[in-house]
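Chains as they are written, first to last, in this note's numbering: chain Z, 151 to 636; chain P, 27 to 514.
Laid out in structure tokens, this is it:
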């Protein structure tokens with residue numbers, strides 16, 4: 151067996167090692183499992199690992215002959231239903247629950263021969279931006295264990311950044327892929343709403359949720375997107391990608407018209423983030439892009455609209471967790487008391503907060519002022535983007551206003567926590583794809599550049615992201631892990 | 027207590043279980059009577075991560091019913107979530123429709139003996155049914171107070187069509203007549219068996235009363251638990267009488283859900299309406315809107331067969347039948363088809379109607395079968411009708427021939443007449459012998475007849491019939507009797 155490290159190992163490189171028979175699928179999987187065994191007790195990126203099951207799947211690919219990415223391991227956010235394998239959504243209310251069905255993306259990963267390493271940690275029901283809202287304890291940021299990895303897909307992001315998986319899948323409802331990608335120096339894609347099936351994804355906010363990949367490179371992200379994006383008749387809101395996915399190769403941006411929505415950058419953006427951002431914009435120009443400015447006049451209302459729409463949908467989506475058919479039950483003297491006790495014990499405080507906000511926003515007499523108004527704002531934001539995309543191919547924005555924050559810094563201030571999503575959630579409200587790539591560091595922590603494009607323009611985002619990624623030359627291996635081999 | 031001076035105003039809310047192979051949003055079988063919790067999957071049990079996929083056949087059936095009821099079919103319609111916690115509601119929301127139903131306003135034409143009337147429909151929309159709960163112990167088969175409850179999810183997620191009328195009905199009888207025709211229409215389309223006793227047709231009534239001449243509506247109550255057409259009529263009438271009594275006593279009607287007690291024929295308050303639920307309706311984000319295009323609507327409309335209301339009116343015109351006869355023949359498609367075939371074969375609608383509603387309907391009721399299941403086909407029946415019309419078989423013998431058609435499915439009417447010797451005796455010499463015998467055997471009655479008691483002719487006729495086993499040709503018998511009795 152060749153001596154190698156999983157740190158910094160891309161899926162493409164791993165597949166090449168398998169192709170060249172320098173490694174077997176089993177050896178590759180074993181290397182990741184060893185790394186998980188060594189590092190995850192401190193990192194806590196995974197909620198569920200079953201080494202025997204993983205190795206068995208890997209051996210099957212060794213035995214049956216393989217091609218493409220078959221045999222390459224993957225980590226799955228614990229929001230994806232996996233048949234017979236615990237699926238908790240980071241919540242006590244699903245403790246011990248084993249689905250009877252696989253999610254569509256899980257099936258597609260299996261069909262492509264990817265080998266699951268396990269299920270990754272997340273904020274409970276994807277509600278949060280730090281994984282601090284996981285019922286099973288937070289995940290740490292591989293760049294600095296005192297800071298959060300972002301969320302809600304923090305486990306999936308941290309696993310890739312720390313070399314515990316070459317790539318992973320997460321979900322993004324208001325920034326839950328792009329923000330943790332930015333915080334952990336990884337690449338993350340929130341695809342166009344409808345590009346990837348939501349079947350078998352534990353629902354948070356149905357009109358906003360979208361599945362997407364994490365990886366160390368844009369090319370890997372494109373490859374994993376190509377595996378999972380498809381038309382699934384089980385999800386009527388899903389249509390699949392509009393065109394064949396192209397893994398990017400070009401290294402310049404000639405002929406592309408990019409825009410910076412300057413009106414979004416006026417308040418609350420960290421100086422280091424702004425610096426890296428302006429450098430990235432300058433790089434885009436130097437790569438041949440035409441970079442202009444645009445505005446998104448209604449995006450400033452996006453945060454308020456999002457925090458009505460998402461909780462409203464969540465209040466209904468999470469109502470099924472009642473202890474009647476599955477999951478833990480806390481008994482009571484009658485059915486109403488049983489419901490209340492089960493949900494009291496099963497849900498964490500952030501989930502309860504959002505259920506209450508959502509139920510309130512939908513109440514008779516308040517619907518128009520809250521949910522109805524938020525939907526109108528959503529339409530206006532969509533139009534803002536339409537106007538911008540009439541003149542430009544894609545928009546550039548920082549992914550987050552700040553780098554990763556310290557544990558507890560925003561836990562008692564929900565509004566500060568929510569404000570973390572200010573640059574990411576407009577794309578969810580408008581159903582648009584957004585790609586986050588690392589654009590350097592600020593105070594030693596990675597910061598992300600977000601590229602937002604029109605619906606189904608993923609290939610263009612990959613092209614822009616790939617060219618900038620090459621030009622930026624970011625090293626995705628956290629310095630504190632460099633020199634460590636497994 | 028009198029109805030004079032009062033007018034009842036009634037609107038109905040009807041739930042119809044659509045007859046589909048699978049449930050509304052998953053592929054589980056939509057089948058009644060299977061062992062509990064065998065037609066279930068992760069979708070209708072509301073496991074995490076599942077999504078609904080609308081049943082196309084259910085949507086098409088619902089559109090067809092809407093068209094048959096005269097509803098507009100909007101080009102855009104949407105599902106909503108109706109939120110409430112109850113163990114029969116696995117998602118804790120029901121996928122239903124709210125402000126953009128599949129079928130919009132319509133007018134349904136109801137032929138009636140006293141003149142046809144029209145009932146405006148507000149809407150018809152698709153939704154999913156709840157699971158079935160069985161409560162053990164406690165009071166009255168309800169969840170509250172029961173010792174334990176079990177849930178059968180076979181029914182959870184099966185397709186329902188909810189039809190809402192405007193308050194255009196004014197009596198229990200109108201309501202029954204309307205619902206009966208609505209049922210016949212749905213059955214004719216094949217959208218449901220619409221059986222009230224099985225629960226595949228359920229009807230709630232909103233009832234209020236007002237003084238004749240008033241235009242404002244009175245306070246309404248919602249009446250539930252009427253699981254047959256008879257109980258619907260009686261329940262509504264009982265509630266009308268109750269409300270009039272309350273108002274005439276100087277009290278006011280209180281908004282409430284009422285329960286009709288079939289045992290006592292009375293209504294009582296099930297729950298007061300004041301504690302109205304807030305269902306927090308919002309558009310179902312897991313489903314894209316329904317947008318039936320013109321081509322689909324044309325196709326569905328073209329496939330609609332003649333509907334009962336139109337058929338009843340056609341029967342009146344085409345066959346010259348009185349309205350109640352046309353209604354009795356035309357409401358159900360099978361009987362209507364049988365009747366029309368007989369009418370074609372015998373070339374006389376009124377004659378066919380008499381036979382269809384007479385011996386044939388009595389036989390269907392007695393045997394508990396539908397026309398298609400009866401051994402008496404229109405062709406065999408026509409054979410009997412022709413024998414009667416030609417005078418070859420008398421009306422009394424005809425009943426025996428009909429019984430033969432039922433008992434012996436392979437025999438024609440002619441063969442039965444032949445085999446059982448049921449042919450009419452028209453031979454004058456043979457009949458004259460019997461007549462002479464009867465006249466000779468009843469001298470007292472002959473004397474009375476000749477003294478002017480002419481109604482005794484019937485007695486003599488009866489005697490001749492008895493002696494001939496009902497086979498004597500009546501006109502000849504009467505002529506011969508008169509000759510004998512008047513002649514001397």
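Ideal Cβ positions, reconstructed from N, Cα and C, are used throughout, including at glycine.
Owing to the predicted nature of the structure, the values given are computational and were not obtained by experimental measurement.
Just checking my contact of residue 215 (chain P) with residue 94 (chain P) at CB under 8 angstroms: how many whole Å lie between their CB atoms?
-> 6 angstroms
Residue 160 (chain P) classed as buried or exposed, judged by whether at least 16 other C-beta atoms fall within 10 angstroms | exposed
Under the three-state DSSP convention, the category residue 375 (chain Z) falls into = helix
Kindly indicate which three-state DSSP category residue 224 (chain Z) falls into: helix, strand or coil?
-> strand
Does the ligand MG have a heavy atom nearer than 7 angstroms to the CB of residue 432 (chain Z)?
-> The ligand content of the structure shown is nil, which means the ligand MG is not present either.
Please look up how many angstroms separate the CB atoms of residue 233 (chain P) and residue 262 (chain P), rounded, as I've assumed it's under 8 angstroms.
-> 6 angstroms
Helix, strand or coil: which one does DSSP assign to residue 43 (chain P)?
-> strand
For chain Z, find out if any of its Cβ atoms is closer than 8 angstroms to the Cβ of residue 124 (chain P); answer yes or no.
-> no
How close, in whole Å, do the beta carbons of residue 350 (chain Z) and residue 322 (chain Z) come, if the pair is a contact with beta carbons under 8 angstroms?
-> In fact, because the Cβ distance is near 16 angstroms, the residues do not count as touching under 8 angstroms.
Enclosing beta strand (DSSP E) for residue 236 (chain P) [first to last residue] | 227 to 237
Run through DSSP, which three-state label would residue 186 (chain P) get?
-> strand
Under the rule that 16 or more other beta-carbon atoms within 10 Å means buried, what is residue 294 (chain P), buried or exposed?
-> exposed
Run through DSSP, which three-state label would residue 201 (chain Z) get?
-> helix
Are at least three pairs of beta-carbons, each pair with one atom in the stretch 277 to 297 of chain P and one in the stretch 243 to 252 of chain P, less than 8 angstroms apart?
-> yes
When we look at the beta-carbon of residue 249 (chain Z) and count the other beta-carbons within 10 Å, is it buried (16 or more) or exposed?
-> buried
Quick one: which unbroken alpha helix (DSSP H) runs of 4-plus residues sit fully inside the stretch 535 to 620 of chain Z? Chain order, please.
-> 564 to 569 and 575 to 580
Distance between residue 153 (chain P) and residue 283 (chain Z) (C-alpha atoms, nearest Å) | 36 angstroms
Can you tell me which of P:122, P:435, P:125 and P:101 puts its alpha carbon nearest to the alpha carbon of residue 321 (chain P)?
-> P:101
Pick helix, strand or coil for residue 623 (chain Z), following the three-state DSSP scheme.
-> coil
Quick one: grab the DSSP three-state call for residue 295 (chain P).
-> strand
Rounded straight-line distance, which links the Cα of residue 296 (chain P) to that of residue 413 (chain Z) = 60 angstroms
Cβ neighbours of residue 462 (chain P) in the same chain (closer than 8 angstroms, five flanking residues each side left out) | 510
Mark residue 291 (chain Z) as exposed unless 16 or more other C-beta atoms lie within 10 angstroms of its C-beta, in which case mark it buried.
-> buried
Would you check if the stretch 446 to 461 of chain Z and the stretch 500 to 511 of chain Z touch, i.e. whether three or more CB-CB distances between them fall below 8 angstroms?
-> yes
In whole angstroms, what separates the C-alpha of residue 383 (chain P) from that of residue 455 (chain P)?
-> 37 angstroms
When P:378, P:356 and P:427 are compared against residue 445 (chain P), the one with the closest alpha-carbon = P:427
What first and last residue would you give for the beta strand (DSSP E) that runs through residue 144 (chain P)?
-> 143 to 154
Could you check the C-alpha separation between residue 31 (chain P) and residue 267 (chain P) for me, to the nearest Å?
-> 13 angstroms
Does the count of Cβ pairs from the stretch 586 to 599 of chain Z and the stretch 420 to 435 of chain Z closer than 8 angstroms reach three?
-> yes
Do we get a CB-CB distance below 8 angstroms when we pair residue 158 (chain P) with the residues of chain Z?
-> no
So what's residue 364 (chain P) in DSSP terms, helix, strand or just coil?
-> helix
Evaluate residue 334 (chain Z) with the Cβ neighbour count: other Cβ atoms within 10 Å of its Cβ, from every protein chain shown; 16 or more gives buried, anything less gives exposed.
-> buried
Considering only residues of the same chain and omitting the five flanking positions on each side of residue 443 (chain P), which have a CB-CB separation below 8 angstroms?
-> 413, 418, 419, 423, 427 and 449
Which chain Z residues sit within Cβ distance under 9 angstroms of residue 73 (chain P)?
-> 231, 247, 249, 250, 251, 470, 475 and 476
Taking residue 537 (chain Z) as the reference, give the member of Z:207, Z:448 and Z:560 with the closest Cα.
-> Z:448
Cα-Cα, which of P:106, P:351, P:381 and P:470 is closest to residue 306 (chain P)?
-> P:106
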